[in-house]
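S.K.: Chains as they are written, first to last, in the working numbering: chain A, 50 to 549; chain B, 50 to 549.
We treat Cβ as the ideally placed atom computed from N, Cα and C, and that holds for glycine.
#1: Whole angstroms are fine: how far does the CA of residue 466(B) sit from the CA of residue 305(B)?
#2: Please determine if the segment 378-389 of chain B and the segment 405-419 of chain B are in contact, where contact requires at least 3 C-beta pairs separated by less than 8 Å.
#3: Would you check if the segment 397-415 of chain A and the segment 335-355 of chain A touch, i.e. whether three or more CB-CB distances between them fall below 8 Å?
#4: If I follow the unbroken beta strand (DSSP E) through residue 312(B), where does it start and stop?
#5: Is it true that the CB of residue 502(B) sits closer than 9 Å to the CB of residue 475(B)?
#6: Is it a yes or a no for the segment 247-261 of chain A touching the segment 80-93 of chain A, going by three-plus beta-carbon pairs under 8 Å?
#7: With distances taken from CA atoms, which of 122(A), 380(A), 145(A) is nearest residue 120(B)?
#8: Quick one: complete beta strand (DSSP E) runs, 3+ long, within the segment 446-481 of chain B?
#9: Just mark residue 508(A) as buried or exposed, buried being the case when its beta carbon has 16 or more other beta carbons within 10 Å.
#10: Could you tell me which residues DSSP puts in a beta bridge with residue 385(A)?
#11: Three or more C-beta pairs under 8 Å: does that hold for the segment 167-175 of chain B against the segment 66-86 of chain B?
#12: Does residue 207(A) come within less than 9 Å of chain B when only Cβ atoms are used?
#13: For residue 252(A), does the three-state DSSP call read helix, strand or coil?
#14: When the Cα atoms are used, what is the spatial distance from residue 213(B) to residue 167(B)?
#15: Rounded to the nearest angstrom, what separates residue 231(B) and residue 200(A) at their Cα positions?
#16: Between which two residues does the alpha helix (DSSP H) harbouring residue 153(A) extend?
#17: Rounded to whole angstroms, what is the Cα-Cα separation between residue 529(B) and residue 154(A)?
#18: Measure the Cβ-Cβ separation of residue 259(B) and residue 220(B) and say whether it is below 9 Å.
#19: At a CB-CB cut-off below 8 Å, which residues of chain A make contact with residue 224(B)?
#20: Please report how far the alpha carbon of residue 401(A) lies from the alpha carbon of residue 549(B), in whole angstroms.
#21: To which residues does DSSP link residue 214(B) through a beta bridge?
#22: Counting only beta-carbon atoms, is residue 231(A) nearer than 9 Å to chain B?
#23: Going along the chain, which unbroken runs of the alpha helix (DSSP H) with 4 or more residues stay wholly within the segment 93-172 of chain B?
#24: Compute the Euclidean distance between the alpha carbons of residue 262(A) and residue 538(A), then round it to the nearest angstrom.
#25: Can you pull the chain D neighbours of residue 342(A), defined as C-beta to C-beta under 8 Å?
#26: Taking C-alpha atoms, which residue in 157(B), 321(B), 412(B), 228(B) lies nearest to residue 146(B)?
#27: Please list the partners that residue 451(B) has in chain A, where partner means a Cβ-to-Cβ separation under 8 Å.
#28: Give me the chain B residues within the contact set of residue 154(A), using Cβ-Cβ distance strictly less than 8 Å, ordered along the chain.
#29: Sort out for me which residues DSSP pairs residue 524(A) with in a bridge.
#30: Listed from N- to C-terminal order along the chain, which residues in the segment 135-146 of chain B have their beta-carbon within a distance smaller than 7 Å of any beta-carbon of chain A?
#31: Assuming residue 357(B) is part of the beta strand (DSSP E), what are its boundary residues?
#32: Hey, is residue 536(B)'s beta-carbon within less than 9 Å of any beta-carbon in chain A?
#33: Quick check: is the beta carbon of residue 383(B) nearer than 9 Å to any beta carbon in chain A?
#34: Based on Cα-Cα distance, which residue from 298(B), 425(B), 343(B) lies nearest to residue 543(B)?
#35: Thinking C-beta only, is residue 281(A) closer than 9 Å to residue 432(A)?
#36: From 98(B), 481(B), 469(B), 523(B), pick the residue whose C-alpha is nearest to that of residue 463(B); which is it?
See below:
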């Protein structure tokens, strides 16, 4: 990262070349618009059938005419396949989640174009310029942006980023015009003032952003906006070209595939399954009584949590969750049972549905199975291709890192039982009226895959057991012991978060 | 409404009988729980296939143990078919929309049970008790609740409402216990204090709520919560019984069917289609320039708007919308094109997807076709049964009333062209490259149904042309004239809303 040292002080070099004196005549503009319109509509329909989502990030200098560019887009494309998301003020629901929550939440479905006005860059640049973030933090955030874009691109999303550029002189001219027109709307004039005063710094930061995040996965395009007609045509052309490139399947191919050569530490094999609960009833009561006020205090202090339950079939996830709900009642918590994805979920990155479940400040989401399905059932049943699930370890760590940064308390439980205990529970279930529905042919089929699951579990522990999001493996042959352990961990972690 | 006069002063009568000395032994409790568990799970699976949603509103006195009741539910039912929504604090996104927005947004899908904690009653009662609302306003709100419930029930939603009741003496006891336990969570103790101080008034208001909204569509059940075990069993029993009743198809059948005897005033026939634009270019430019700052001012002042575009195929809705976007750009507005409903939408009341599109304060949603589809295409193509679309006029007026109450600016445009003009435009479209996709066999088929559409339009104008949400019929044989008229109306209405 040394290469950007003192970049701000030295000022911008690269962006200078985009301040030209280009002019487009009205005739030329109308001719090009007509051509583009036909081509865009046609390409858009092909893109719809292609079923991949496209994200266009539009950011740049104030007064460059970004609004007009987007409106030009609405003029010539089918608005049913177009979604515009503007990111300026965060709502309180957004502010209580990690920064990328709002961007995940606006993700277009396959076949659609999502225009991300300001995208994830504008606020980051502003914070850096205002001195709220140091240069190192700024560069870290650029790194996050790059990772985020790469992840989406490898999953099939077409991403293009456009920076709308004008010269300082031109900005001044437009700024004065705007001030006259909108003197009754302080939000606009204040914003324009800020932009004008910081022109040099903004451009230098944009150049840093460009250099750190201009990748084959998500390239930047700089649009010279000196002339409004030219910039609109250029903008449309960029979209058309990106769609066409994607349709020709010149998409970046990414991800390595796993090798079978590595074995991972046998976490499960070294777990002592003989542990039993001593004094269940009293301990249970005490733990529930202890957790109750802690959960409410977490609510008051705005500390949210996400608890993940993974484990063998019949390991007792449901039972643990129910005991937990006695303490953290359903007004504060939400149980999210992960089943097969819906059509809406399938048409987006697989993490999309989990990002949507990040709780608001003070609330708890309890996951009965989770995003780890990607490297477990999806891996083993072949629902995800090897290059897909293999890159997920990084994506998952990244997701959990975003949660930790926002202060979310994350605990990942793995309930471990022996193969014999599992069989005994399956057979027992068939005799209990309200459990019969829980036992199907599939459960027995899954048992045959036990060795594959052991490999997947061990790899998962090894690769995703991070400082901020550790795995808690719980011996669960004795159900009562497991329940107490879960509650103890929740209790301890809440106390730590609340610094009691 | 006379019957409730002075109810508050006279105090409660009916609810007294629910303060009993009932006690349930632990053995009895466990026996009943076991029976209910089996039956509930089985019934839940049948209900899943029945594909209707169920809403259970749980409200009542503080300290009655509502939390425990809901948690008991999570204990014995399949949590994948259960959704708990708690309504206490409004988020800012909710506060900027009509009151019912959050309830629409939490609507369970068909086959699921949605538990609405506090539902739409609790806040209304609190506001009345606190003197923020007069008795008349309170009764109006009850009327709204009744209408809302009836609408959902007639559409197939199973609704039950439960009031958790305890005596004043019992509340005091529980209140003291709570205060000791949660002295570190002010939100809880303050709430409990409020409830305890206002006991008599709350119960009297609840009785009014009961009497005004206890209908065959959405009955109330009062749960005696003196004994915790008994109340949990009673609560589960209510749910089981309601599901069973629904499965036996003892659902309220509602809605009358239309009669063909009435003819409505011929609004379209009396529209002068010969109007043309005089000075298009200049007027357009002027209107766009005028609207721009008005739209930003509306944004600043938090005034949101919803513009509906209905009209004949090829009447020029898209063109009008595009001109409008020049003035109110895509950062403030959103075009919502209404196509056939998705699976997710079909499994809920048809107004669900429109409620979700109510804009935040300051923003504009532009509907290219709208909720009027129910009484137009759905009526004519038979997608909605006669008793369904026929009751929609009331439901639509009601929806628009909620919008008006929240201060949303609502304009409904109808673009009218002659049948000859329509044919000419269809033929022309086939020659324009970017319009070819817009013309299909279906358009010609729809033309054959012109007389039926005229009837449907005239009935729609007659029944939904309300003071707060009037129809603006625009002669659109001359496209330019229509576009100017749309912009003029928007301009005028914005000025009125902004009181310039």
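M.R.: The relevant details are as follows:
#1: 33 Å
#2: yes
#3: yes
#4: Taken as a continuous stretch (DSSP letters only), residue 312(B) belongs to no beta strand (DSSP E), as it is neither H nor E.
#5: no
#6: no
#7: 380(A)
#8: 458-465
#9: buried
#10: 416(A)
#11: no
#12: no
#13: helix
#14: 11 Å
#15: 45 Å
#16: 150-154
#17: 39 Å
#18: no
#19: Those do not exist, as residue 224(B) stays about 16 Å from chain A at its closest Cβ, beyond 8 Å.
#20: 45 Å
#21: 273(B)
#22: yes
#23: 115-125, 141-144, 150-154
#24: 40 Å
#25: Protein chains in the displayed structure are A and B, and chain D is not among them.
#26: 412(B)
#27: Here the premise fails: no neighbours, minimum Cβ distance about 21 Å.
#28: What residue 154(A) touches in chain B: nothing, since even the nearest Cβ is about 12 Å away.
#29: 465(A)
#30: 135, 140, 141, 142
#31: 354-360
#32: no
#33: yes
#34: 343(B)
#35: no
#36: 523(B)
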